[in-house]
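In the numbering used here, the protein residues as written are 7 to 362.
We treat Cβ as the ideally placed atom computed from N, Cα and C, and that holds for glycine.
Just below is one structure, and these are the notes that go with it.
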């Protein structure tokens, strides 16, 4: 058996690693190569604390198209059976199996088209021309495909002996019975799920509101794209990396805020401004200023705003990551500004916390 191998991936331009959004980019815990920080926690502990700190999200009802990619809050139960009536699955003739005989032609007694209603019961010795999806008249228990029949002078002759009871028919409720679970709770709703809901006449679904995340970028060295870059600055590019990954996983990113200077009071003011919005974000991500340099003020800015969840992570890249929980129950996660750390922490920390 041949083994097919994929061509090698080109190096990532941001991080110079093969796959920047793979959890495998997180290296071993620091104690495997250095002394661990006694104030830092393991990645597992950080994830558990952050998950526990998130406020429950409300349930909202959305039209089907708006529910795409959202999480179903409660199971969708079938409000009615499907199909809602016995129906034909092929074009041909609805018949009684007991009437079929190659030697005995059957009388053609009308037609059942898709959408037909008030059909007369099928009389013995007769057939009704029927279209795919059309309801079967009472008494019919099989369909003679068009290619299995010959019509002469309003008489229908069966030309094969392969027809069985129930042939090319679908009975009421054979796909889903009333009360069946159509879609389990917590399912991420894909187009096929929406079609199932619509098939049963359900116009909207109860979903768990998507997370709303505020991103705050910190650093005197950062210039916004499209603006003049001063000497010593680089163009900011972490925001688009974070936002695009979150968008891929259907997490809402709230308003884009101006880049915050390396100033403790400015950082704290930006966080307080985000916390004062209605509704507030479910989580705030701060990027930059988490290390111990003379111009790193993010930790000091956050300290008065809540209770520390952790002061660092015992891994690299990402060791300076820290987080607190505000009195409103909103976690603030401060990430280092290194794109390599961001590329590792998105799948390693943020994804499991938000459940994608």
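Tell me which residues share the same chain as residue 176 and place their Cβ nearer than 6 angstroms to its Cβ, disregarding the 5 neighbours each side in the sequence. The residue labelled residue 176 in the question sits at position 170 within the chain shown. For residue 176, where only same-chain residues beyond five positions count, the Cβ hits under 6 angstroms are 89, 93 and 95.
If I'm right that residue 365 touches residue 87 with Cβ under 8 angstroms, what's the distance once you round it to whole angstroms? A query on residue 365 cannot be resolved here, the shown segment of the chain reaching from 7 to 362 and no further.
So which of 248, 160 and 62 has the shortest CA-CA distance to residue 131? Position 125 of the chain shown holds residue 131. Ranking the options by Cα distance to residue 131, first place goes to 160.
On the premise that residue 214 lies in contact with residue 65, defined as a C-beta separation below 8 angstroms, what is that separation, rounded to the nearest angstrom? On the chain shown, residue 65 is found 59 positions in, with the first residue counted as 1. On the chain shown, residue 214 is found 208 positions in, with the first residue counted as 1. Their Cβ separation, rounded to whole angstroms, is 6 angstroms, which keeps residue 65 and residue 214 in contact under 8 angstroms.
In terms of alpha-carbon separation, which member of 304, 293 and 76 lies closest to residue 210? For the purposes of this step, residue 210 is taken as residue 204 along the chain shown, with counting starting at 1. Considering only alpha carbons, the answer is 76.
If residue 63 sits next to residue 212, beta carbons under 8 angstroms apart, how far is it from one beta carbon to the other, in whole angstroms? On the chain shown, residue 63 is found 57 positions in, with the first residue counted as 1. On the chain shown, residue 212 is found 206 positions in, with the first residue counted as 1. The Cβ separation is near 12 angstroms, so there is no contact.
What does the alpha-carbon distance come out to for the pair residue 227 and residue 269? If you number the chain shown from 1, residue 227 lands on position 221. If you number the chain shown from 1, residue 269 lands on position 263. Approximately 13 angstroms, taken between the alpha carbons.
Under a three-way DSSP split, which group does residue 344 fall into? As a working note, residue 344 is residue 338 in the chain shown. In the structure shown, the three-state DSSP call for residue 344 is coil.
Is the region 255-268 touching the region 195-209 in the sense that three or more CB pairs, one from each, lie closer than 8 angstroms? Under the 8 angstroms Cβ criterion, the region 195-209 does not count as touching the region 255-268, having fewer than three qualifying pairs.
Find out if the Cβ-Cβ distance for the pair residue 315, residue 330 is shorter than 9 angstroms. By one-based count along the chain shown, residue 315 stands at place 309. By one-based count along the chain shown, residue 330 stands at place 324. Yes; because the gap between Cβ atoms is below 9 angstroms, this pair is in contact.
From the DSSP output, read off the bridge partner residues of residue 101. Translated into the one-based positions of the chain shown, residue 101 becomes position 95. Partner(s): 148.
Does DSSP put residue 132 in a helix, in a strand, or in coil? If you number the chain shown from 1, residue 132 lands on position 126. Strand at residue 132.
Reducing DSSP to helix, strand and coil, say where residue 47 ends up. Indexing the chain shown from 1 puts residue 47 at position 41. Note: residue 47 maps to strand in three-state DSSP.
So residue 81 and residue 190 are supposed to be a Cβ contact under 8 angstroms. How far apart are they, rounded? If you number the chain shown from 1, residue 81 lands on position 75. If you number the chain shown from 1, residue 190 lands on position 184. Their Cβ separation, rounded to whole angstroms, is 6 angstroms, which keeps residue 81 and residue 190 in contact under 8 angstroms.
Would residue 115 and residue 137 be called neighbours here (beta carbons separated by less than 9 angstroms)? Along the chain shown, one-based indexing puts residue 115 at 109. Along the chain shown, one-based indexing puts residue 137 at 131. Contact flag unset, no.
What's the call for residue 261, buried or exposed, on a 16-neighbour Cβ count within 10 Å? Working through the chain shown from its first residue, we reach residue 261 at position 255. Burial state of residue 261 is exposed, judged by a 10 Å Cβ sphere holding fewer than 16 other Cβ atoms.
Alpha carbon of residue 99 to alpha carbon of residue 359, nearest angstrom: Position 93 of the chain shown, counted from the first residue, corresponds to residue 99. Position 353 of the chain shown, counted from the first residue, corresponds to residue 359. C-alpha separation (whole angstroms): 58 angstroms.
Beta-carbon within less than 6 angstroms of residue 144's beta-carbon, same chain only, minus the 5 sequence neighbours each way: which residues are those? Along the chain shown, read from residue 1 onward, the residue named residue 144 stands at position 138. Cβ within range, chain order: 127.
Taking the alpha helix (DSSP H) that residue 358 falls in, what are its first and last residues? Here residue 358 is taken as the residue at index 352 of the chain shown, counted from 1. Residues 357-360.
Check the C-beta distance from residue 348 over to residue 252 and give it rounded, since I have them as a contact under 8 angstroms. Translated into the one-based positions of the chain shown, residue 348 becomes position 342. Translated into the one-based positions of the chain shown, residue 252 becomes position 246. The pair is not a contact, with the Cβ atoms about 12 angstroms apart (cut-off 8 angstroms).
Residue 245 burial status per 10 Å Cβ neighbour count (16 or more: buried): The count along the chain shown starts at 1 and reaches residue 245 at position 239. Per the 10 Å Cβ criterion, buried.
Once you ignore the five residues that flank residue 156 on each side, which residues in its own chain have a CB closer than 7 angstroms to its CB? Sequence index remark: in the chain shown, residue 156 carries index 150 (1-based). Hits under 7 angstroms: 163 and 165.
Would you identify the three-state DSSP class for residue 310, choosing helix, strand or coil? By one-based count along the chain shown, residue 310 stands at place 304. Residue state, collapsed to three classes: helix.
Below 8 angstroms on the Cβ atoms is my guess for residue 408 versus residue 287; work out the distance and round it to an integer in Å. Nothing can be reported for residue 408, as the shown portion of the chain is limited to 7 through 362.
Runs of alpha helix (DSSP H) lying entirely within the region 246-271, each at least 4 residues, in chain order: Within the region 246-271, no complete alpha helix (DSSP H) run reaches 4 residues.
Please classify residue 277 as buried or exposed, where buried requires at least 16 other C-beta atoms within 10 Å of its C-beta. Within the chain shown, residue 277 is the residue found at index 271, counting from 1. Under a 10 Å Cβ-count criterion, residue 277 is classified as buried, with 16 or more other Cβ atoms of the shown protein chains found around its own Cβ.
Which whole-angstrom value describes the C-beta separation of residue 147 and residue 103, a residue pair presumed to lie in contact below a C-beta threshold of 8 angstroms? Here residue 147 refers to the residue found at position 141 when the chain shown is read from its first residue. Here residue 103 refers to the residue found at position 97 when the chain shown is read from its first residue. That pair is a contact at about 5 angstroms.
Quick check on DSSP: helix, strand or coil for residue 116? Stepping through the chain shown from its first residue, residue 116 is reached at position 110. Annotated three-state conformation of residue 116 is strand, per DSSP.
Based on the DSSP secondary-structure assignment, which residues constitute the bridge partners of residue 290? Locating residue 290 in the chain shown gives position 284, counting from the first residue. The partner list for residue 290 (beta bridge, DSSP) reads 220 and 338.
For residue 315, does the three-state DSSP call read helix, strand or coil? Start at 1 with the first residue of the chain shown, and residue 315 comes out as number 309. Strand at residue 315.
Looking at the strands, I want to know which residues DSSP matches up with residue 214. Start at 1 with the first residue of the chain shown, and residue 214 comes out as number 208. Per DSSP, 65 and 77.
For residue 167, which of helix, strand or coil comes out of DSSP? Counting from 1 along the chain shown, the entry for residue 167 is found at position 161. DSSP, read as helix, strand or coil, puts residue 167 in coil.
Among the candidates 216, 285 and 332, whose CA atom is the shortest distance from the CA of residue 307? In the chain shown, the residue the question calls residue 307 occupies position 301. Of the listed residues, the one whose Cα sits closest to residue 307 is 332.
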